[in-house]
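Numbered according to the numbering used here, the sequence shown terminates at residue 303, and the numbering increases by one at each position without gaps. We treat Cβ as the ideally placed atom computed from N, Cα and C, and that holds for glycine. Since this is a predicted model, take the numbers as computed values, not measurements. What follows is a set of notes on a single structure, which appears directly below.
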Amino acid sequence: MNQPAHARVAEWLGHLEAAERRSAHTLRAYQTSLNGFVHFLGGHLGTGVTDSALAALSLADLRAYLAHRRAEGLANASVAREVASLRSFFRWARKHRGIDCKAIAGLASPRLKKRVPRPLAPADAAGVADHAGEDAREPWIGARDTAVLLLLYGSGLRIAEALSLTGDVLPIGAAITVTGKRGKTRVVPVLPKVREAIEAYLALAPFTPAPGTPLFRGAKGGALSPGMIRSAMRAARAALGLPPSATPHALRHSFATHLLARGADLRSIQELLGHASLSSTQVYTEVDAARLLDVYRHAHPRA
């Protein structure tokens, strides 16, 4: 059947959610991209956008869409995400619905400057957690923010992974199991200092986490929002005079970089971070090389 393109997009999003277990954030981004693409095609082609129209798209049509998005002010990184969204959709459409848009193979993604993660110095990474709770309106909230940030740095968690922890991880031992991207689980170590911070939070918190309920709570008892942790990080960053790159995710970068600097092998770091491929982890070798070059430039008399 020659279905409307919007219906195909909805099917694809359902597949991503159910079969590939993509995050809500990823699904929203894909939905925005593809719905915008279909809307553009309606005006560009001057006709209804159906399966046959999608299959017949030319490279010029696809490039016209990207030119339209650039005219709206999109930078290269955002255009690259648009291209990735289109490729993913048409790959699914060909495999599951027989919609073969051959032009998509020729759609090039803009070249992006390779971004190297910007970790914090060890003292700064520990310092932000210590300072995070100083301006909190209640002691338990300060203890909570400290515990979350220490988990990011001490165990290398993504912020979403830390906030998805439930009372099932209690009592905290030497390691916990976390659920990462696409529902994949991994075991991460919990340092004594991190464990002590979580226990301090639990001792002060007015809520007792039960199995299946959030470990970290908001002020009113609901699940803790990532925005609250980012806010605590901004306050600590300002107090310590750290750059804007000192974000909660930078603590995860710091975890990996500092392990590498202390001799940990890449394969172990890959497992701890939950990276699907080693290539994602190899970027940290460049971080360490950048640090060594920086030391050289500042220390060598002829640099």
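Span of the alpha helix (DSSP H) around residue i
{"i": "ALA132", "result": "122 to 132"}
{"i": "GLU20", "result": "No alpha helix (DSSP H) contains GLU20, which DSSP labels as neither H nor E."}
{"i": "ILE172", "result": "Neither: ILE172 is in no alpha helix (DSSP H) and is coded neither H nor E."}
{"i": "GLU271", "result": "266 to 273"}
{"i": "GLN31", "result": "24 to 45"}
{"i": "SER85", "result": "76 to 97"}
{"i": "PHE255", "result": "248 to 261"}
{"i": "SER277", "result": "Where SER277 is concerned, there is no enclosing alpha helix (DSSP H), given that its DSSP letter is neither H nor E."}
{"i": "ILE141", "result": "139 to 155"}
{"i": "ALA200", "result": "192 to 204"}
{"i": "ARG70", "result": "59 to 71"}
{"i": "SER231", "result": "226 to 240"}
{"i": "ASP100", "result": "Element bounds for ASP100: n/a, residue is neither H nor E."}
{"i": "ASP135", "result": "Counting along the chain, ASP135 falls outside any alpha helix (DSSP H), and DSSP gives it neither H nor E."}
{"i": "LEU54", "result": "51 to 55"}
Whole-angstrom C-beta distance between residue j and residue i, which should lie under 8 Å
{"i": "VAL169", "j": "ILE159", "result": "Contact doesn't hold; Cβ gap of about 16 Å is too wide."}
{"i": "ARG182", "j": "ARG22", "result": "7 Å"}
{"i": "ALA246", "j": "GLY156", "result": "Rounded, the Cβ-Cβ distance is 16 Å, inconsistent with contact."}
{"i": "VAL188", "j": "LEU272", "result": "6 Å"}
{"i": "LEU34", "j": "SER85", "result": "6 Å"}
Run of the beta strand (DSSP E) containing residue i, from where it starts to where it stops
{"i": "ILE176", "result": "175 to 179"}
{"i": "THR185", "result": "185 to 189"}
Nonlocal neighbours in the same chain, by C-beta distance under 8 Å from residue i, ignoring five residues either side
{"i": "PRO122", "result": "SER254 and HIS258"}
{"i": "ARG217", "result": "ARG144, ALA205, PHE207, PRO209, ALA223 and LEU224"}
{"i": "GLN282", "result": "LEU266"}
{"i": "LEU278", "result": "LEU266, ARG267 and GLN270"}
{"i": "ALA18", "result": "none"}
{"i": "GLU138", "result": "ALA219"}
{"i": "LEU74", "result": "GLU82"}
Given residue i as reference, the closest of the options once Cα atoms are compared
{"i": "LEU204", "options": "LYS184, GLY43, TRP140 and PRO211", "result": "TRP140"}
{"i": "ASN76", "options": "ALA108, PHE90 and THR208", "result": "ALA108"}
{"i": "HIS96", "options": "ASP124, LEU16 and GLY48", "result": "LEU16"}
{"i": "THR213", "options": "PRO243, GLN270, ALA261 and LEU163", "result": "LEU163"}
{"i": "ARG91", "options": "VAL128, ALA105, SER78 and ARG81", "result": "ALA105"}
{"i": "GLY274", "options": "ALA261, LEU242 and GLY180", "result": "GLY180"}
{"i": "PRO244", "options": "GLY142, SER268, VAL128 and ARG262", "result": "VAL128"}
{"i": "ASN2", "options": "LEU13, GLY48, GLU82 and PRO119", "result": "GLY48"}
{"i": "ARG69", "options": "PRO110, LYS184 and HIS25", "result": "PRO110"}
{"i": "ASP124", "options": "GLY221, LEU240, PRO211 and GLU72", "result": "LEU240"}
{"i": "ALA261", "options": "PRO119, TYR30, TRP12 and GLY73", "result": "PRO119"}
{"i": "ARG87", "options": "ALA10, LEU62, ILE172 and GLY263", "result": "LEU62"}
{"i": "ARG28", "options": "SER231, GLU82 and LYS220", "result": "GLU82"}
{"i": "GLU161", "options": "LYS184, ALA276 and GLY263", "result": "LYS184"}
{"i": "ALA10", "options": "ALA80, GLY73, ALA93 and LEU74", "result": "ALA93"}
{"i": "PRO211", "options": "GLY221, PRO171 and LEU242", "result": "PRO171"}
{"i": "ALA80", "options": "GLU72, LEU66 and ALA24", "result": "LEU66"}
{"i": "ALA126", "options": "ALA276, GLY263, ALA264 and LEU242", "result": "LEU242"}
{"i": "GLY142", "options": "ALA71, SER231 and GLU72", "result": "SER231"}
6 Å CB neighbourhood of residue i in its chain, flanking five on each side removed
{"i": "GLY154", "result": "LEU191 and VAL194"}
{"i": "ASP51", "result": "ASN2, GLN3 and ILE99"}
{"i": "PHE89", "result": "TRP12 and LEU34"}
{"i": "GLY42", "result": "VAL49"}
{"i": "THR146", "result": "ALA129, ALA132, GLY133 and ALA197"}
{"i": "GLY221", "result": "PHE207"}
Neighbourhood of residue i by C-beta distance below 7 Å, restricted to the same chain and skipping five residues each side
{"i": "HIS300", "result": "Caution applies to HIS300, whose pLDDT of 47 falls short of 50 and renders its modelled position unreliable; the model cannot decide the point."}
{"i": "ALA64", "result": "HIS44"}
{"i": "GLU20", "result": "ARG182"}
{"i": "LEU215", "result": "LEU165, THR166, GLY167, VAL169 and PRO209"}
{"i": "LEU59", "result": "ALA103, GLY106 and LEU107"}
{"i": "GLN31", "result": "LEU13"}
{"i": "ALA174", "result": "PRO189 and VAL190"}
Short CB-CB distance (under 7 Å) between residue i and chain D
{"i": "ARG70", "result": "The structure shown contains no chain D; it is built from a single protein chain."}
_I want to know whether the region 97 to 110 touches the region 55 to 68 - three or more CB-CB distances under 8 Å._
yes
*Given 8 Å, three or more beta-carbon pairs between the region 191 to 202 and the region 221 to 233*: no
*Does the region 241 to 254 come close enough to the region 147 to 162 to have 3 or more Cβ pairs within less than 8 Å?*
yes
*Kindly confirm or deny that the region 229 to 238 and the region 132 to 149 touch, where touching means at least three C-beta pairs closer than 8 Å.*
With a cut-off of 8 Å, the region 132 to 149 and the region 229 to 238 count as touching, because enough Cβ pairs lie within range.
*asked:* Does the region 27 to 41 come into contact with the region 2 to 15, if we say contact requires no fewer than three beta-carbon pairs (one atom in each stretch) closer than 8 Å?
replied: yes
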